[in-house]
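Asks:
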Amino acid sequence: MDFRLSAEDIAFRDQVRGFIAANLSPEVARRFKRGWRWTRAETEMWTRRLHAVGWSAPNWPVQYGGTGWSAVWKHIFEVETWGAGAPPTHNQNFDLVGPIVFTFGSDAQKRRVLPPILAGEYYWAQGFSEPGAGSDLASLRTKALRDGDDYIVNGQKIWTTDANVCDGVFTLVRTDPQAAKPQAGISFLLIDLKLPGITVRPIRLYNGETHLNEVFFDNVRVPAENLVGEENKGWGYTKILLSHERVASARVFELKRDLAEVVAHAAEAPLRGGRLLDDRAFHDRLNRLQIEVAALEYTVLRVLTEGPHASGRAASVLKIRGSELLQQVAALKVETLGPYAEVEYPMPEGWDEPWLDMLPGPDYASGAMAAYLQLRAATIYGGSNEIQRTLIARSVLGR
Amino acid sequence: MDLNLSAEEKLLKDSVDSYAREYLASRRKASMAEPMGFSLEVWAELVELGWLGVEIPEAAGGYGGSAVDSIVIHEGIGFGLIVEPLLSTVLAARLIAAAGTAARQGELLPPILAGGSRAVLAHYEAAAGGDPEFIETTAQASGGGWVLHGRKAMVLDAPSSDLVVLSAKLAGSGELALFAVATPRLAAGMTACGTIDGLRAADLFLDGLAVSAAERLDGGAGAGAALAAVLDHGKIAMAAQALGVMEAALAMTAEYLGTRKQFGVAIGTFQALQHKLADMVVAVELGRSILLYGVAALAEEDPDRRARGVSAAVVRMIESAEVIGTHAIQLHGGIGVTEEHMISHYFRKLAMLKLRMGGTDFNLARFGAG
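Next up, the structure:
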């Protein structure tokens, strides 16, 4: 073991910092300082800049456009970009559909799907959950029936993140309604959202955001060449994909950035003649969370250095702890707002309005509260924490 | 000792409950869509029902109800998520009644009690951390009146109000003084916004606002003690609102566990979820108990003992609200965080009430100091 960064590591970190300084616009960073959700235009621009130097997919194998960086370099890259307030690259592209396609897709699919992802040109949304299939995902009912060279898709997806701004949706669909086990009749199908018969309806969330959607499929003809891997094998591919999602769901970089922001905000927040940062009770809560995030970060580093594929159990540990800490750090950030935690999140269509600069309180107030509200869902999505705990217990008890 | 409601209190509770249920089912949305963010028609009904007058002493023209009447009403306001600015006006009116000179009471209270004028109390400041004794707003004597400097943070219902009661420290003596100022006089320094729970609030920036002697509310003594009592009354009212919200959220969650199916069965059959529901029941029970403890404390003659008991109620109620809010959304899954689902409205209301009651840190410290 060696806990120090090498000279090469430090040189790499400086290179990343130089890249950020040259490519991250102050306007985008300002929006992030406010904690508002990124727009597609912002993440597209950032992905293009990264792609220009071959950095848009650090976690992919080199042959598909990855960087070949060590686990430590990937970690440095994430910490630096998140810390600087860069928009994330589209997670559903890089962590979810991309790995599925380069692992299970045909050569033709790899050529068609991967380059536009790397360049930030085509956005995919994950269409898994349905109104009746949440934690019990295998009970999904959206049907895809083969008809000549096409599948005909009927059904509904829900909680489809960013479908309202995406170009395609990667779905789990039922191709064999007669299969002995529900898991056995499910396939992985790529669907272009511009196809006739698709309706995307944004869901207004309680924090004012609208990035989750319902997606309806009414006799949608999807070319059969969009099937990934073999028919009725989609569930097996997805188990691997969900475990990717859970490793990503530790979101350590985000936690570290958010804690740094809490410290900065608390240093500026006045409290009875002093500042919030010096308040004993607040400071104790902050320190405790810093220790918790350090423990999670080292758990992630252990998993990453153990190899490319985390065990299911490790993935569940990261999901549980990451989601809980995101909620706790968000709550602490809200504390730095004092009474301004009440300020409502502005509608995205009004984000360019000058009156936004005149809302009461610090300019990050509405974004911090919106994030706190949104993160209540972190212990629900990506496999609820109740499900994760059951999985961990089963893996320990061997049943 | 008898912790049951009396026959009259039960009658009030039945009437409040049925109004709150009806409001939630069929009127709240329309109220929120009104230009001011609430309905003047509903406001008139609440005044007519006596919900405003019952909290004002008879000597001041109200009906002189008890603290129990107050929590019965505010539980209903919480349960029905009623957006009309009742508590804001109640607190301002109680302060006018308790601290106002006879002349100003006679001038201000009748229109308020008749429902024609809505008042708010602008006291808390951003740096106070929930501490009502921390004010930096000053009043400097000038030509027979005063000049005010300071900023009042997120004054609930201020944008739609007719009258604002402002607190300030007199330059020199540091004594607390109150001013009742017509809202339009504050327009230049008012920054309004919506709140997370669908209400309207504003920062009031007092940048050298000149107030006349006629705008002074109090007669020069006892304003601080009156204000402290009113703010404690407000905390218990908000705690009662929180309890009403919690009861509604618990009932809705229990029903959902019985109807939502996954893995072929109602999700309420899973022990992991049953235990969360059980914790919610415990939270509501303790919330109801500590609310009564807080009501008892309101009757204390000694302000320190009153403050200590009120803060105990707030701390425990926040603890309960945390459990209810967290579990209610978790057990509902994704639909729990949508604008459309009522659970999300209960969560937001609880989050705001926790804050408006002064938070845990301040109240815990005040309990310890009392």
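Chains as they are written, first to last, in numbering that gives the first Met the number 0: chain X, 0 to 398; chain H, 0 to 369. Glycine included, every Cβ here is placed at the ideal spot set by N, Cα and C. Everything numeric in this text was worked out from a predicted model, so none of it was measured.
1) Go through its chain and collect everything with a Cβ distance to VAL71/H's Cβ below 7 Å, but skip five positions before and after it.
2) Quick check: what's the CA-CA separation for TRP123/X versus ARG393/X?
3) Might you give, ordered along the chain, the residues of its own chain that have their beta carbon closer than 8 Å to the beta carbon of GLY104/X, omitting 5 neighbours on each side?
4) Using a Cβ-Cβ cutoff of less than 8 Å, which residues in the same chain neighbour SER172/H once the five nearest sequence positions on both sides are dropped?
5) For my contact list, TRP412/X and TYR380/X are in at a C-beta cut-off of 8 Å; report their separation, rounded to the angstrom.
6) Buried or exposed: HIS331/H, going by 16 or more other Cβ atoms within 10 Å of its Cβ?
7) Can you find a C-beta in chain X that's less than 7 Å from the C-beta of GLU338/H?
8) Based on the DSSP output, what are the partners of GLY99/H in its beta bridges?
9) Does ARG375/X get closer than 7 Å to chain H when you measure Cβ to Cβ?
10) Taking the alpha carbon of SER365/X as the reference point, which residue from ALA56/X, ALA329/X, ARG388/X, ASN92/X has its own alpha carbon closest?
11) Beta carbon of THR137/H: closer than 6 Å to some heavy atom of the ligand GDP?
12) Show which residues of chain H have a CB atom less than 7 Å away from the CB atom of THR378/X.
13) So that I know if they touch, is there some Cβ in chain H lying closer than 7 Å to that of TYR236/X?
14) Short of 7 Å in beta carbon distance, which residues of its chain neighbour GLY53/X, apart from the five on each side in sequence? Order them along the chain.
15) With 7 Å as the threshold, decide whether the Cβ of SER134/X is near any Cβ in chain H.
16) With burial defined as no fewer than 16 other Cβ atoms inside 10 Å of the residue's Cβ, what is the status of GLY79/H: buried or exposed?
17) Thinking LYS332/X and ALA367/X are a contact (beta carbons under 8 Å), I'd like their distance in whole angstroms, please.
18) Which runs of the beta strand (DSSP E), 3 residues or longer, sit entirely within the segment 50–136 of chain H?
19) Taking all protein chains shown into account, decide if TYR297/X is buried (16 or more other Cβ within 10 angstroms of its Cβ) or exposed.
20) Could you give the DSSP three-state label for ALA176/H: helix, strand or coil?
21) Helix, strand or coil for GLU397/X per DSSP?
22) What are the boundary residues of the alpha helix (DSSP H) that includes PHE366/H?
23) Quick check: the segment 152–162 of chain H against the segment 109–129 of chain H, are at least 3 beta-carbon pairs closer than 8 Å?
24) Are at least three pairs of beta-carbons, each pair with one atom in the segment 279–291 of chain X and one in the segment 245–262 of chain X, less than 8 Å apart?
25) Which one or two residues does DSSP pair with SER186/X in a beta bridge?
26) Report yes if the C-beta distance between LEU108/H and ALA179/H is below 7 Å; otherwise report no.
27) Which one of ILE239/X, ASP135/X, THR38/X has the shortest CA to CA distance from PHE262/H?
28) Quick one: which residues of the segment 308–332 of chain X get their C-beta closer than 9 Å to a C-beta of chain H? List them in chain order.
29) Check each candidate in LEU49/X, GLU77/X, VAL168/X and name the one with the smallest Cα separation from ASN225/X.
30) Which residues, taken in chain order from the segment 341–362 of chain X, show a beta carbon closer than 7 Å to some beta carbon of chain H?
31) Output yes if chain X places a C-beta closer than 7 Å to the C-beta of PHE361/H; else output no.
32) Does ILE235/H have its Cβ less than 7 Å from a Cβ in chain X?
33) Who pairs with THR337/H in a beta bridge, going by DSSP?
34) What are the residues in the segment 145–159 of chain H lying within 7 Å of chain X by C-beta distance?
35) Under a three-way DSSP split, which group does TRP59/X fall into?
36) Flag this pair as touching only if the segment 73–90 of chain X and the segment 30–42 of chain X have three or more C-beta atom pairs under 8 Å; answer yes or no.
Replies: The short version:
1) GLU8, LEU11, LYS12, VAL15
2) 33 Å
3) VAL112, VAL227, GLY228
4) none
5) Absent from the model: residue 412/X. The displayed extent of chain X is 0 to 398, so no value can be given.
6) buried
7) yes
8) ASP217/H
9) yes
10) ALA329/X
11) For the structure depicted, the ligand GDP is absent and the ligand set is empty, with no information on it obtainable.
12) GLN329
13) no
14) THR66
15) yes
16) buried
17) 5 Å
18) 118–121
19) exposed
20) strand
21) Looking at the sequence provided, one finds Gly at residue 397/X rather than Glu. GLY397/X: coil per DSSP, three-state reduction.
22) 358–368
23) yes
24) yes
25) VAL172/X
26) no
27) ASP135/X
28) GLN326
29) VAL168/X
30) GLU341, VAL342, GLU343, MET357, LEU358, PRO359
31) no
32) no
33) LEU204/X
34) ALA152, MET153
35) coil
36) yes
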